[in-house]
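Residue numbers (my numbering), protein chains in the order written: chain A, 2 to 232; chain B, -17 to 364. By construction, the Cβ of each residue, glycine as well, lies at the ideal position given by its N, Cα and C atoms.
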């Protein structure tokens, strides 16, 4: 536990870092991954886990996400995706589905959303998975597996937002949304992340999509530094 | 293996001297993003750090660079970034976070002309106020201004020491003149360099309160991985580090963050006087412009003019007491700076209306010549 550092950004999920009896840090909006990169590079013995929301990680923090994945910096990024900015009252964001109603898309969202697992895989993540909040056991297993693995790992967790997003779009209570997850989610391990469909109304493809090996950034830094110090 | 402290004399550039000063101070982590006229610092760190067991990382932008530095500092490593005004504009968000979570870290800003992209390759001192007020909210910061390659080295060490001592970000606020000029640098033996490290907790983890300050208003700092299991946040927090959204919490925190600098100002501020004892005209100049000012003062003294130079070395906090003393006999105070009037406001606050305070601004990317400066001083005084 002494090696774990839990880091979060801003938003409903941003508060998560405060709930751990571990070293933990609550950054500004979008910056959790950049902070985690500094932690990991400065002290490679530490194991950063970033927990944040879809808006934090993929709108304001999108640049940090793709570059940390590209470098393959050892960290686990858990994204709680509830399809909107909840903390500020339910505005549209980079994962809000087509035509969905939010307070800043009152006439229906016309933006094309990110498919997060596809972004993660394309950016270079060595482990990519998606589960819903219903898949608690499978999600736990994926987290355990990811923590054993070195490199940039990404797990998306589809999560209800019964007070805002689900209410505006008439999906019913939190329980109704969980029932919906059971009805429309399918498990398809090792599906091409580009084809891992996500449609809040009809089909959510879950599973572990990427599990690969690649040299990790801080290992490469250490190898280079060790070589240079021997000169 | 290369040495961290390259003791000896060399002819080198200001930017490189800043990098060597950081290494001598114990910096072992640098995160940065290329920008003129500060890039040489990143280049030097990219070459030097891996050779002495440190780590360099080039981030995707200045926001990430500054944030990685905060993370690295919390991981227990002395850390730094270097940039210019446009980079500081992006870093200001994280500077606020670093202030709020009381993070020791050093930022070198090699100032170029602005606003916006401005004059990337020209000299300027136009980020004086940005350094103080760049991030939102009430806070205090430390900023030191070097006037020579030697001071790029010395003040970078002092910036680290002050930053560690007071758990606050510290700027080395250089201008492009000092960053890019080459002159003699003397690096002392390692054991002659004074190094200050952050206070560490002396209590067991179960008794540790990460934001409980001691008498000097600075809390001891645990780092990640030591078993303290603490939490830090940019939200207003109590001594435990947890968010608290009431009046008392804000009142206990924000004044302390400011006062740990204000009340310790005598330990932070520094300035240099030249021929100020009997000076009827007190010239105030800093950084690259102070070199011109020094020549102008020496020439004018040779002509019997009672003029002296006051050079603030710390601009934040501003050396008020030292200025009052230097201006004791002055009938005119003249501020020459490579901007359109920034530090002159602080000088006026100290001098009040006791004697006239004149501004000689310059925003064209080059310093005055000593003759031009003297001509401008005469024009204002007569």
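Query	Result
The stretch 159 to 176 of chain B touching the stretch 128 to 135 of chain B, judged by at least three CB pairs closer than 8 Å	yes
Chain A contact for residue 188 of chain B (CB, 8 Å cutoff)	no
Proximity test, Cβ basis, 8 Å: residue 220 of chain A and chain B	no
Neighbour list for residue 225 of chain A in chain B, Cβ cutoff strictly below 9 Å	32
Exposed unless 16 or more other CB atoms sit within 10 angstroms - verdict on residue -3 of chain B	buried
Whole-angstrom distance between residue 104 of chain B and residue 68 of chain B, CA atom to CA atom	14 Å
Pair within 8 Å by beta-carbon distance, residue 242 of chain B and residue 276 of chain B	no
Contact set between the stretch 205 to 218 of chain B and chain A, restricted to residues whose Cβ is under 9 Å from the partner	205, 206, 207, 208, 209, 210, 211, 212, 213, 214, 215, 216, 217
Residues that DSSP places opposite residue 132 of chain A in a beta bridge	A/158
Chain A contact residues for residue 41 of chain B, given Cβ-Cβ distances below 8 Å	35, 38, 68
Candidates B/60, B/33, B/29, B/13, of which the one nearest residue 48 of chain B by Cα	B/13
Of the listed residues B/15, B/56, B/34, nearest to residue 229 of chain A (C-alpha basis)	B/34
Runs of beta strand (DSSP E) lying entirely within the stretch 59 to 130 of chain B, each at least 3 residues, in chain order	61 to 65, 87 to 95, 101 to 105, 124 to 126
Residue 174 of chain A, DSSP secondary structure in three states	coil
For residue 209 of chain A, the nearest candidate out of A/183, A/99, A/187 (CA to CA)	A/187
Candidates A/159, A/169, A/166: closest to residue 185 of chain A by CA position	A/159
Integer-rounded CB distance, given that residue 57 of chain B should sit under 8 Å from residue 74 of chain A	Actually they do not touch by this definition, with Cβ atoms about 13 Å apart.
Residue 51 of chain A to residue 336 of chain B span [Cα, whole Å]	57 Å
Distance, residue 117 of chain B Cα to residue 53 of chain A Cα	24 Å
Residue 217 of chain B - DSSP class collapsed to helix/strand/coil	coil
4 or more residues per run - each alpha helix (DSSP H) lying fully within the stretch 24 to 86 of chain A	33 to 43, 63 to 72
Residue range of the alpha helix (DSSP H) that includes residue 145 of chain A	137 to 148
For residue 266 of chain B: DSSP bridge partner residues	B/292, B/317
Cβ-based burial, residue 67 of chain A [other Cβ within 10 Å; buried from 16]	buried
Near-chain A residues of the stretch 50 to 69 of chain B - C-beta to any C-beta below 9 Å	50, 51, 52, 53, 54, 55, 56, 57, 58, 59, 61
Minimum Cβ-Cβ distance from residue 26 of chain A to chain B less than 8 Å	yes
Beta-carbon neighbours of residue -17 of chain B, restricted to chain A and to distances below 7 Å	230
Nearest-angstrom Cα separation, counted from residue 301 of chain B out to residue 50 of chain B	32 Å
Short CB-CB distance (under 8 Å) between residue 75 of chain B and chain A	yes
Span of the beta strand (DSSP E) around residue 42 of chain B	Residue 42 of chain B -> no beta strand (DSSP E), and no H or E assigned at all.
Residue interval of the beta strand (DSSP E) (run including residue 14 of chain B)	11 to 14
Beta-carbon contacts of residue 236 of chain B that lie in its chain and below 7 Å, excluding the five residues immediately before and after	120
Reference residue 142 of chain B; option with closest CA among B/179, B/165, B/122, B/171	B/179
Backbone secondary structure at residue -5 of chain B - three-state DSSP	strand
Simplified DSSP state of residue 3 of chain B, which is helix, strand or coil	helix
Counted within 10 angstroms of its Cβ, other Cβ atoms place residue 191 of chain A as buried (16 or more) or exposed	exposed
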